[in-house]
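With numbering that gives the first Met the number 0 applied, the sequence shown corresponds to residues 0 to 226, in that order. Heads up, the thing below is written out as structure tokens.
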Amino acid sequence: MTPAAAHRVVTTVGWLSRQPVSFQTQLLASSVLRTVAAGDLIHALDDPPGGLLGVASGHVDVLIAPGPFAPMLIHVGRPGWWVGVSSAVSGRRRCTELSARTDARILYVPTSALEAMAADDPEIWRRAAGITIRHLDEALSHIACLASSDARLRLIVTLARLADPPEIGSSRVELPISQGELGEMAALSRNSVGRLLSALAKDGCVEKRYGRLVIDPARLQVLIGDW
0 MTPAAAHRVV
10 TTVGWLSRQP
20 VSFQTQLLAS
30 SVLRTVAAGD
40 LIHALDDPPG
50 GLLGVASGHV
60 DVLIAPGPFA
70 PMLIHVGRPG
80 WWVGVSSAVS
90 GRRRCTELSA
100 RTDARILYVP
110 TSALEAMAAD
120 DPEIWRRAAG
130 ITIRHLDEAL
140 SHIACLASSD
150 ARLRLIVTLA
160 RLADPPEIGS
170 SRVELPISQG
180 ELGEMAALSR
190 NSVGRLLSAL
200 AKDGCVEKRY
210 GRLVIDPARL
220 QVLIGDW
């Protein structure tokens, strides 16, 4: 993937696609395209603060380990997904672990570039805050799922969250994830996930493949809206 191709992806889907073109151009001019292989650590919990990271291709695992709890998988970032603004703004050490689930290409924007942009236009920080707001939305959705006693709803909402941003040029999203990992994120047993996925497959919401799922986000949103 060339830098130009990576730029096309992140200006088509996700947070950056919703920003003014002038901001997109300025931010991407300061970015570096990195290649990470499946299984590579991108940054660890408690690493020093850094800049913004945007997924241009592939998938990345997002793990947290708050307080005394063991690390847990809470999200799988897809092309168009960004992270890092809270660390860049606050100077706090990384509170998540990021690793490549598949081979991936990552755009990196150093904090120094953000600070240089903000020196000319403080509005930059408000735009960057959109990343944190999106993460807060994801966290609240995750909390609500864990609090719900409805297993089917927990799974549907989790799938819908993982299917965002949408796939470029397709109404369906392919996600390399196991039923056990999906159960971990939705607080369900692997057997429960398998049974519920089979029912959703009959409704045309998902297609089960070996080690991956093909998700129809529009059908999932219809189910959520009918709840």
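Think of the CB as a built atom: it goes at the ideal place given N, C-alpha and C, for glycine as much as any other residue.
How big is the Cα-Cα spacing for residue i and residue j?
i    : j    : result
R171 : E206 : 10 Å
F22  : A87  : 18 Å
L187 : V75  : 17 Å
S191 : L32  : 40 Å
A159 : Q220 : 7 Å
D60  : A118 : 33 Å
P109 : P48  : 10 Å
G179 : D39  : 21 Å
L135 : I142 : 10 Å
L199 : G57  : 25 Å
Can you name, in chain order, every residue of its own chain whose Cβ lies under 7 Å from the Cβ of residue i, other than the five neighbours on each side?
i    : result
P165 : V12, V172 and P216
T131 : V84 and S85
I155 : L219, L222 and I223
W14  : W81, G129, I130 and R133
S140 : V156 and R160
Less than 8 Å between C-beta atoms, sequence neighbours within five positions excluded: which residues of the same chain meet that for residue i?
i    : result
D202 : R218 and L222
R153 : C144, L145, S147, A185, A186 and L187
P70  : L44, L62, I63, A64 and E96
R91  : P48 and S85
L212 : L158, E173, L174, I176, L181, L196, V205 and E206
S89  : P48
So what's residue i in DSSP terms, helix, strand or just coil?
i    : result
L174 : strand
G193 : helix
A166 : Contrary to the premise, residue 166 reads as Glu rather than Ala in this sequence. It is coil, neither helix nor strand.
L187 : coil
R33  : strand
Out of the options, which one is the CA nearest neighbour of residue i?
i    : options                : result
L113 : L106, I123 and R104    : I123
D102 : S30, Y209, Q25 and A36 : A36
V77  : V213, A185 and L174    : Residue identity differs from the one stated: residue 77 is Arg in this sequence, not Val. Closest option to R77, Cα to Cα, is L174.
C0   : T95, R104 and Q178     : Per the sequence presented here, residue 0 reads as Met, with Cys not at that position. It is R104 whose Cα lies nearest to the Cα of M0.
G168 : P2, R7 and A3          : R7
A99  : S140, E137 and A55     : A55
S30  : R189, A3 and V20       : A3
Excluding the five sequence neighbours on either side, which residues of its own chain have a C-beta within less than 6 Å of the C-beta of residue i, listed in chain order?
i   : result
G53 : V9, W81 and L106
Along the chain, which unbroken stretches of the beta strand (DSSP E) at least 3 residues long are found entirely within the region 84-115?
You should have 96-99 and 103-108.
Let me know the alpha helix (DSSP H) ranges lying completely inside the region 122-146, each 4 residues or longer, listed in chain order.
The region 122-146 contains these whole alpha helix (DSSP H) runs: 122-146.
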